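One structure is given here, and the rest of the page talks about it.
Number of protein chains: 2
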Amino acid sequence: MSGAHRTGHRRVYEGKVLSVDVDQVVEPGDVAATREVVRHRGSVATLAVDDEGRVALVRQYRYAVDEALWELPAGRRDGDETPEAGARRELIEETGLRAGRMELLAEFFTTPGFCDERMSVFRASGLTPGAAQPEADERIELRWFTRAEIAAMLKDGTLREGKTLVALLMEQAR
Amino acid sequence: MSGAHRTGHRRVYEGKVLSVDVDQVVEPGDVAATREVVRHRGSVATLAVDDEGRVALVRQYRYAVDEALWELPAGRRDGDETPEAGARRELIEETGLRAGRMELLAEFFTTPGFCDERMSVFRASGLTPGAAQPEADERIELRWFTRAEIAAMLKDGTLREGKTLVALLMEQAR
Chain E
0 MSGAHRTGHR
10 RVYEGKVLSV
20 DVDQVVEPGD
30 VAATREVVRH
40 RGSVATLAVD
50 DEGRVALVRQ
60 YRYAVDEALW
70 ELPAGRRDGD
80 ETPEAGARRE
90 LIEETGLRAG
100 RMELLAEFFT
110 TPGFCDERMS
120 VFRASGLTPG
130 AAQPEADERI
140 ELRWFTRAEI
150 AAMLKDGTLR
160 EGKTLVALLM
170 EQAR
Chain W
0 MSGAHRTGHR
10 RVYEGKVLSV
20 DVDQVVEPGD
30 VAATREVVRH
40 RGSVATLAVD
50 DEGRVALVRQ
60 YRYAVDEALW
70 ELPAGRRDGD
80 ETPEAGARRE
90 LIEETGLRAG
100 RMELLAEFFT
110 TPGFCDERMS
120 VFRASGLTPG
130 AAQPEADERI
140 ELRWFTRAEI
150 AAMLKDGTLR
160 EGKTLVALLM
170 EQAR
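So the protein sequences, as listed, match chains E and W. No gaps in the numbering here: position 172 of the first sequence is 171 in numbering that gives the first Met the number 0, and each next residue is one more. No gaps in the numbering here: position 42 of the second sequence is 41 in numbering that gives the first Met the number 0, and each next residue is one more.
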């Protein structure tokens, strides 16, 4: 059920990763507005925790922000797969890790002011190592971090990516 | 200093809130790729905390996700203003609150896989109430939440927006 009445719609860009709509809408409270919206198929990410409480992060160059960032293993959902299946697939592709237990840790919108991306974050335990299977345009470094290292990186600003902060702060509070 | 060499560039959409580029790049590690990038001027948000430790959240319909969400007071940066000036301005517009002390709580990218939006989150204290000054296309509800209410809303999934989760989890850990 939609809370807005759409009176106009234009798809101004249709791409591989995202599309952009410019819609005329009347929102609840009789607010008439033009809204630019980035449409995205949704993302999945995994906080993989080993038996000593260490966490697996991947470092990857992000062109959009021109920086290499430490992040949770993550990616876009593929077609009709469930978020959990997508998270397991991305974890294997980026780290080679196979998860025993998967729990849903958080589901949230990354930036709902202009984008519909929904992020599902899982916590994986009972991990089995294996070979990573990165995509052709991915160069990924995997490293394990202790709780103390994570606490320091949260404090000194080394970690500065949304889903990664949410998951690690939740894990700290556990 | 850029870590990527750009070999092609096309601005496929230029809007009011965002623009979209499709760039051909060679990234570190000699990765040739086409990247779709949403360009955004950056955002600011404020965790406003009163003398009893209660937190001010605003509820607003978000067309992109077709839901009304509880979030930190926030908005886009205006031109050349500093993040702190932007956060103070948005706090007044959306809640009427004037902040005494402002501390930078976190700076992060909301979704760097395809978007350059940088989010600066401040913690405001020493608050003075006043009249809100919402924009023409904003309908905003303000409410104060106790620490116990916030803890319950973090647990039951009521709070499901990135910057809001980051800030409240940091406040909980304080």
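By construction, the Cβ of each residue, glycine as well, lies at the ideal position given by its N, Cα and C atoms. Only a predicted model underlies this, so the values are computations on that prediction, with no experimental measurement involved.
Under 8 Å by beta carbon: chain E residues contacting residue i
| i | result |
| --- | --- |
| residue 34 (chain W) | 62, 63 |
| residue 106 (chain W) | 156, 159 |
Given residue i as reference, the closest of the options once Cα atoms are compared
| i | options | result |
| --- | --- | --- |
| residue 30 (chain W) | E:135, E:97, E:74 | E:135 |
| residue 142 (chain E) | E:95, E:132, E:54, E:161 | E:54 |
| residue 72 (chain E) | E:23, E:120, E:111, E:34 | E:120 |
| residue 86 (chain W) | W:47, W:109, W:59 | W:47 |
| residue 157 (chain W) | E:145, E:68, E:108 | E:108 |
| residue 50 (chain E) | E:16, E:106, E:159, E:99 | E:99 |
| residue 125 (chain W) | W:16, W:160, W:102 | W:102 |
| residue 174 (chain E) | W:151, W:167, W:116 | Residue coverage of chain E in this structure runs from 0 to 173, which leaves residue 174 (chain E) outside it and unanswerable. |
| residue 76 (chain W) | W:89, W:69, W:68 | W:89 |
| residue 148 (chain E) | E:15, E:32, E:52 | E:52 |
| residue 7 (chain W) | W:21, W:14, W:13 | W:21 |
| residue 145 (chain W) | W:56, W:3, W:15, W:43 | W:56 |
| residue 123 (chain E) | E:152, E:64, E:97, E:36 | E:97 |
Environment of residue i [buried if 16+ CB atoms lie within 10 Å]
| i | result |
| --- | --- |
| residue 162 (chain W) | buried |
| residue 39 (chain W) | buried |
| residue 34 (chain E) | buried |
| residue 93 (chain W) | buried |
| residue 25 (chain E) | exposed |
| residue 130 (chain E) | exposed |
| residue 59 (chain W) | buried |
| residue 160 (chain E) | buried |
| residue 78 (chain W) | exposed |
Per-residue contacts from residue i into chain E (C-beta, under 9 Å)
| i | result |
| --- | --- |
| residue 164 (chain W) | 105, 107, 161, 164, 165, 168, 169 |
Residue i, DSSP secondary structure in three states
| i | result |
| --- | --- |
| residue 22 (chain W) | strand |
| residue 164 (chain W) | helix |
| residue 61 (chain W) | strand |
| residue 146 (chain W) | helix |
| residue 80 (chain W) | coil |
| residue 87 (chain W) | helix |
| residue 126 (chain W) | coil |
| residue 70 (chain E) | strand |
Closer than 7 Å at the beta carbon, the chain E residues around residue i
| i | result |
| --- | --- |
| residue 115 (chain W) | 63, 64 |
Where residue i meets chain W, residues with beta-carbon distance less than 7 Å
| i | result |
| --- | --- |
| residue 136 (chain E) | 30, 32 |
| residue 111 (chain E) | 61, 63, 64, 68, 160 |
| residue 172 (chain E) | 168, 171, 172 |
| residue 16 (chain E) | 35, 113 |
Interface residues of chain W facing residue i [CB-CB closer than 9 Å]
| i | result |
| --- | --- |
| residue 3 (chain E) | 60, 62, 65 |
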